[in-house]
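One structure below.
Chains as they are written, first to last, in this note's numbering: chain A, 1 to 215; chain B, 216 to 225.
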């Protein structure tokens, strides 16, 4: 564990807590893409299967259980909670996220570290996570005024993978022949998708004006 | 642990 990875995990944890706070306290999911939440639930479900087969540390296991629990809870709130679901703008959240799942799965069947059931699903979860934010970014462009909590949620979600990139650089230079091309390239693609969001987020923060993404 | 590729990161 290094400071970059801890910062990344804490940023990820914080982003989910922000979203849970928004949904649980003000019972609203306005501006939040259900499709991105569903993709993330699938990412965690296919990546954290190893909590049944292996044990790394208490931290690792607790974080995996929290990510699994929170992602499915958020999807449940947005789909079935009769107050929250009313604030979900389904006619704006129209990204065809099913078109992301199959190509990621096929790519995982073709490009992976080892051709085993767990490893292919793990690789699939990496590719899917790289593109999972797309429905949310599209929704933000359509939602004229993005509320602060949603903006902060997306920012910290993007920041977590950026910290992970620093973590991979650190590990590359400090550990003997440590390299994970698949993870690194997926992480770079994932972070690159946030580039313009980061630009407008920092700009709105500097000018202390509401966050607005150009259509 | 070399039978399953070891993923220590979240």
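The C-beta atom is built at its ideal place from N, Cα and C for all residues, glycine as well.
Quantities reported herein were computed from a predicted structural model and do not represent experimental measurements.
(message) Residues of chain B with CB closer than 8 angstroms to the CB of residue 60 of chain A, please, in chain order.
(response) When 8 angstroms is used as the limit between beta carbons, residue 60 of chain A is near these residues of chain B: 223 and 225, in chain order.
(request) Leaving aside the five residues before and after residue 18 of chain A along the sequence, list all residues of the same chain whose C-beta is less than 8 angstroms from its C-beta, in chain order. (result) Contacts found: 149, 152, 153 and 156.
(request) Ignore the nearest five residues each way along the sequence and tell me which others in residue 187 of chain A's own chain have a CB closer than 6 angstroms to its CB. (result) Around residue 187 of chain A, the same chain offers 161, 164 and 165 as residues with beta carbons nearer than 6 angstroms, after the five sequence neighbours per side are excluded.
(request) Over the uninterrupted alpha helix (DSSP H) stretch that includes residue 190 of chain A, give me the two end residues. (result) According to the DSSP assignment, residue 190 of chain A belongs to the alpha helix (DSSP H) that extends over 181-192.
(message) Alpha carbons only, please: which of A:196, A:33, A:119 and A:174 is nearest the one belonging to residue 48 of chain A?
(response) Nearest to residue 48 of chain A by alpha-carbon distance, out of A:196, A:33, A:119 and A:174, is A:119.
(message) For a contact defined as C-beta to C-beta under 9 angstroms, what are the partners of residue 63 of chain A on chain C?
(response) Of the protein chains in this structure, namely A and B, none is chain C.
(request) Leaving aside the five residues before and after residue 78 of chain A along the sequence, list all residues of the same chain whose C-beta is less than 8 angstroms from its C-beta, in chain order. (result) Excluding residues within five positions, the ones whose Cβ falls inside 8 angstroms are 23, 29, 32, 34, 37, 84, 85 and 88.
(message) Just verifying my parser: in three-state terms, what is the DSSP assignment at residue 224 of chain B?
(response) Coil.
(message) Let me make sure I understand the geometry here. Which of A:12, A:109 and A:128 has the alpha-carbon closest to that of residue 189 of chain A?
(response) Out of A:12, A:109 and A:128, A:128 has the C-alpha closest to the C-alpha of residue 189 of chain A.
(message) Determine, for residue 56 of chain A, whether the minimum Cβ-Cβ distance to residues of chain B falls below 7 angstroms.
(response) At least one CB of chain B lies nearer than 7 angstroms to the CB of residue 56 of chain A.
(message) Is it buried or exposed, residue 93 of chain A, if we count other Cβ atoms within 10 angstroms and call 16 or more buried?
(response) Residue 93 of chain A counts as buried, since no fewer than 16 other beta carbons sit within 10 angstroms of its beta carbon.
(request) Figure out for me which residue from A:147, A:59, A:204 and A:206 has the closest Cα to the Cα of residue 223 of chain B. (result) Cα-wise, what sits closest to residue 223 of chain B is A:59.
(message) Between which residues of its own chain and residue 125 of chain A is the CB-CB distance below 6 angstroms, once the five residues before and five after are set aside?
(response) Excluding residues within five positions, the ones whose Cβ falls inside 6 angstroms are 43, 46 and 47.
(message) Taking a contact to mean a Cβ-Cβ separation below 7 angstroms, would you say residue 40 of chain A touches residue 132 of chain A in this structure?
(response) Taking a C-beta distance under 7 angstroms as the contact criterion, residue 40 of chain A and residue 132 of chain A qualify as a contact pair.
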